[in-house]
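Asks:
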Amino acid sequence: KAGVTQTPRYLIKTRGQQVTLSCSPISGHRSVSWYQQTPGQGLQFLFEYFSETQRNKGNFPGRFSGRQFSNSRSEMNVSTLELGDSALYLCASSFGTSSSAAPTQYFGPGTRLLVL
Amino acid sequence: GESVGLHLPTLSVQEGDNSIINCAYSNSASDYFIWYKQESGKGPQFIIDIRSNMDKRQGQRVTVLLNKTVKHLSLQIAATQPGDSAVYFCAEIDNYGQNFVFGPGTRLSVLP
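Quick mapping for you: the protein sequence lines, in order, are chains A and B.
Heads up, the first sequence is in our numbering, so the first residue is 963 and it goes up one at a time.
Heads up, the second sequence is in our numbering, so the first residue is 2 and it goes up one at a time.
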């Protein structure tokens, strides 16, 4: 079974631009979560999508948004980029239900975003 | 590769020794716990999990211990190897499998 894939792996943008990152979950997983990881801040939860609906949201400004498609693939968008948005953006997928299946999240390799 | 965190607690162990990484969790209602390993430049990788109705679970060279009384989780790595050098995160999940909360991470450094 293929793992979580994220594209692109690396991205360089300038302040004020916008960016879209893509995540393809493990087949059969319906939940996709996005995290921002920076040195000193650890993993910070952005939002979670389940069946094309945002189910949970972290404490990030509205410049950060996302969506999920019917095939469970997800995208996140950051508008009006700031220098502080430079980070590793991680996507994780899981079954996302309260079934007996383990709720483990499996992570992709991340997209490294550098804002200049 | 880039570093995951510059100010993480660090545990240094000699190659071949056992490692114990600790984690305190916050929600007494958390139902499920996971340990992840993150190597430089990569996403977190699942190591082992444990449900709240257990207090110990063993994997290959790893053991997770759960003490619900003091809300403490630990990861034991036997015969630590250089390839074990990484940042280790614990995560707690509610019984709906929706809310994941990650610990700050511990950097494990294996000395030759």
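Ideal Cβ positions, reconstructed from N, Cα and C, are used throughout, including at glycine.
Just the C-alpha distance for Asp-18/B and Cys-91/B, rounded to the nearest angstrom, thanks.
Replies: Sequence index remark: in the second sequence, residue 18/B carries index 17 (1-based). Sequence index remark: in the second sequence, residue 91/B carries index 90 (1-based). When rounded, the distance between both Cα atoms is 21 Å.
Asks: Would you call Met-55/B buried or exposed, if buried means 16 or more other Cβ atoms sit within 10 Å of its Cβ?
Replies: Within the second sequence, the letter at position 54 stands for residue 55/B. It is exposed - the Cβ of Met-55/B has fewer than 16 other Cβ atoms within 10 Å.
Asks: So Leu-74/B and Phe-34/B are in contact, right, with Cβ under 8 Å, and what is the actual spacing, rounded?
Replies: Locating residue 74/B in the second sequence gives position 73, counting from the first residue. Locating residue 34/B in the second sequence gives position 33, counting from the first residue. With a Cβ gap of about 5 Å, Leu-74/B and Phe-34/B count as contacting.
Asks: Where do the ends of the beta strand (DSSP E) carrying Ile-78/B lie?
Replies: Numbered from its first residue, the second sequence carries residue 78/B at position 77. Run containing Ile-78/B: 73 to 78, per the beta strand (DSSP E) assignment.
Asks: Which word fits Gln-39/B, buried or exposed, when buried means at least 16 other C-beta atoms lie within 10 angstroms of its C-beta?
Replies: Here the question's residue 39/B lines up with position 38 in the second sequence. Under this definition Gln-39/B is a buried residue.
Asks: Give the DSSP bridge partners of Phe-34/B, in chain order.
Replies: The residue labelled residue 34/B in the question sits at position 33 within the second sequence. Residue pairing for Phe-34/B: DSSP places it in a beta bridge opposite Ile-51/B, Glu-93/B.
Asks: At what residues does the beta strand (DSSP E) containing Arg-108/B begin and finish?
Replies: Here the question's residue 108/B lines up with position 107 in the second sequence. The continuous beta strand (DSSP E) containing Arg-108/B extends over residues 107 to 112.
Asks: Ends of the beta strand (DSSP E) at Ala-25/B?
Replies: Counting from one through the second sequence, the residue named residue 25/B turns up at place 24. Its beta strand (DSSP E) spans residues 20 to 25.
Asks: On the DSSP letters alone, give me the boundaries of the beta strand (DSSP E) that Arg-1029/A sits inside.
Replies: Taking the first sequence and counting its residues from 1, one reaches residue 1029/A at position 67. Note, Arg-1029/A: beta strand (DSSP E), 1026 to 1030.
Asks: Smallest Cα separation from Pro-45/B: which of Tyr-1068/A, Thr-969/A, Asp-1047/A, Lys-1019/A?
Replies: On the second sequence, residue 45/B is found 44 positions in, with the first residue counted as 1. Nearest option by C-alpha distance: Tyr-1068/A.
Asks: When DSSP labels each residue in this structure, what does Gly-957/A get in the three-state scheme?
Replies: One cannot answer for residue 957/A here, as it falls past the ends of chain A, which runs 963 to 1078.
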